[in-house]
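Numbering follows full-length UniProt numbering, in which position 41 of the sequence shown is assigned residue number 41; successive positions increment by one, without gaps. Glycine included, each C-beta is placed from N, C-alpha and C at the ideal position. Worksheet: one structure, shown below.
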Amino acid sequence: TLLGGQWAVLVTDFVQFIILCLAVLVLFPLAIYAVGGFGELVARSPEGFFKLLSPPYGVFDLIMFCVIISISYNATWGLVQKYNCVATETDARKVAIIMGVLSIIGPVIFFIPAMAARVLLPELINTPDGSKFAYVAMCLKLLPAGIMGLMVAGMFSATMSTLGNDYNVLSGVLTKDFYGKVIRPDADEKRLILWGRINTAIIGGITIFFAIGINYVEGFNLYDIMVKYPQATMEPLLLQRNSPLPA
């Protein structure tokens, strides 16, 4: 991300996708076979396990979730830039269609092994927070050592991929919109690239600092930081767009 920018992130994303798919596509049939098939999974699961909605969530919550996800996937900077990387609008539409299809197929392949843990590893699921480790436990139980290594590498890579996209976006905003327009309007492309890399390194360092430090601060958790506190910066969006005050 620091040296190659968005192109490096895209190439890395593709390679990581292939690696993760290899491991996931091996785990999925192994989990189905171990539990005795789909029918056995349904029969041995607790009552109501496959219900789409359960208290305290209802239809309204499902609708709002779909609305939020739709807005997020069409407005999140890290995702939008992937549409901007293709040559034409037609290509961008194809990217969106492929993502939509994979979003339907993917959850089945990803979630079934974790759901099978309810049957195969009940002692884990019944412990506090045990469900959080269901997928990893199924990997350890069913995957060969070599494939397990691919799975671990893929999980770490997926995390780094998400961070790499956001680093590029934030660095681009700081470099083009702040440094290039406010501090050095006369900066050439070479200087902008240099400061883009510097900003990427700074953003990455801040992220690492908060990721480590949050564990040592009582009364704070990741949910509070990522959801609650950023809301304080949203109010200016309600003001007139053409006014400099919202900025």
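Measure the C-alpha to C-alpha separation of GLY130 and LEU124 and round it to an integer number of angstroms. By 1-based counting over the sequence shown, the position of residue 130 is 130. By 1-based counting over the sequence shown, the position of residue 124 is 124. Each residue's alpha carbon lies about 5 Å from the other.
On the three-state DSSP scale, how would you describe CYS85? For the purposes of this step, residue 85 is taken as the residue at position 85 of the sequence shown. CYS85 falls in the coil class under three-state DSSP.
Among ALA114, ILE183 and LEU163, which one has its Cα closest to the Cα of ILE208? Counting from one through the sequence shown, the residue named residue 208 turns up at place 208. Looking at the Cα atoms, LEU163 is the closest of the given residues.
Neighbourhood of CYS139 by C-beta, 7 Å cutoff - its chain only, sequence neighbours within 5 removed: In the sequence shown, residue 139 corresponds to position 139, counting from 1. Taken in chain order, the residues that qualify are LEU27, MET148 and MET151.
Inter-residue Cα distance where the pair is GLY180 and GLY5: By one-based count along the sequence shown, residue 180 stands at place 180. By one-based count along the sequence shown, residue 5 stands at place 5. Whole-angstrom Cα-Cα distance: 18 Å.
Mapping DSSP to helix, strand and coil, what is GLU40? The residue you call residue 40 lines up with position 40 of the sequence shown. Of the three classes helix, strand and coil, the one that applies to GLU40 here is helix, per DSSP.
Going by the CB atoms, is the gap between SER171 and GLY204 shorter than 7 Å? As a first step, residue 204 is located in the sequence shown; it is residue number 204 there, counting from the start. As a first step, residue 171 is located in the sequence shown; it is residue number 171 there, counting from the start. Cβ distance not < 7 Å, so GLY204 and SER171 don't count as in contact.
Tell me the DSSP secondary structure of ALA96 in three-state form. For the purposes of this step, residue 96 is taken as the residue at position 96 of the sequence shown. The answer is helix: DSSP assigns ALA96 an H, G or I state.
Provide the residue span of the alpha helix (DSSP H) that contains GLY5, from first to last. For this step, residue 5 is matched to residue 5 along the sequence shown. That run of the alpha helix (DSSP H) goes 5 to 35.
Three-state secondary structure assigned by DSSP to GLU189: Sequence index remark: in the sequence shown, residue 189 carries index 189 (1-based). Three-state result, GLU189: helix.
Closest by C-alpha distance to MET155, when choosing among CYS21, LEU3 and LEU10: For this step, residue 155 is matched to residue 155 along the sequence shown. Out of CYS21, LEU3 and LEU10, CYS21 has the C-alpha closest to the C-alpha of MET155.
Who are the Cβ neighbours of LEU30 in its own chain at under 6 Å, not counting the five residues just before and after it? If you number the sequence shown from 1, residue 30 lands on position 30. Once the five neighbours on either side are set aside, the close Cβ partners of LEU30 are LEU142.
What is the DSSP secondary structure of GLY106, counted as helix, strand or coil? Translated into positions along the sequence shown, residue 106 becomes position 106. In the three-state reduction of the DSSP assignment, GLY106 falls in the helix class.
Classify LYS51 as helix, strand or coil using the three-state DSSP reduction. Here the question's residue 51 lines up with position 51 in the sequence shown. If DSSP states are grouped into helix, strand and coil, LYS51 belongs with coil.
Cβ shell of ALA116 (< 8 Å), same chain only, five flanking positions each side left out: Counting from 1 along the sequence shown, the entry for residue 116 is found at position 116. Excluding sequence neighbours, ALA116 sits near ALA31, ILE32, ALA34, VAL35, LEU41 and MET138.
ASN168 to VAL80, Cα distance in whole Å? In the sequence shown, the residue the question calls residue 168 occupies position 168. In the sequence shown, the residue the question calls residue 80 occupies position 80. One C-alpha to the other measures close to 12 Å.
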